[in-house]
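With the sequence shown counted from 1, adding 3 to any position gets you the numbering used here.
Ideal Cβ positions, reconstructed from N, Cα and C, are used throughout, including at glycine.
Being a predicted model, the structure only gives us computed values, none of them experimental.
A short write-up of the structure that comes next.
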Amino acid sequence: RTRPLLAATDGGSPDAMALIGQCHFQGEDGFDMDHSGALEWWVKAADAGHAESAVSAGALLYNGGDGVKVDRKRAFEYYQMGGELGSIDGWRNVAACYATGE
Numbered sequence: 004r005t006r007p008l009l010a011a012t013d014g015g016s017p018d019a020m021a022l023i024g025q026c027h028f029q030g031e032d033g034f035d036m037d038h039s040g041a042l043e044w045w046v047k048a049a050d051a052g053h054a055e056s057a058v059s060a061g062a063l064l065y066n067g068g069d070g071v072k073v074d075r076k077r078a079f080e081y082y083q084m085g086g087e088l089g090s091i092d093g094w095r096n097v098a099a100c101y102a103t104g105e
């Protein structure tokens, strides 16, 4: 079940990368729950231009997760990337970081 999705990432599909990140985060569709793996795929998708993956990576870094240490500086960078890629949530999170002094 996971092979077609993984094959789509070979073609550079940011949507496929984002979906793999989500599957790892939730532990669904044949993927084990793996927050480090989710972060890895969301970062790849963000680097390929996927705005919501940048926000998801930021949220995971901001809050931490199984195997993912809190890194508010990197979280801010990914929130900002998401905003620059067109995500309103990315800009909201940037504003929240400024408002709380983080």
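9 Å or more divides the Cβ of residue 74 from the Cβ of residue 38. Listed in chain order, the non-local C-beta contacts of residue 28 below 6 Å within the same chain comprise 41, local neighbours out to five positions each way being set aside.
9 Å or more divides the Cβ of residue 57 from the Cβ of residue 16. The three-state reading of DSSP puts residue 52 in coil, since its state is none of H, G, I, E or B.
Excluding five sequence positions before and after residue 79, the CB atoms of its chain that fall closer than 6 Å to its own CB belong to 100, given in chain order. A Cβ-Cβ distance of about 19 Å is found for the pair residue 93 and residue 104, leaving them out of contact under the 8 Å criterion.
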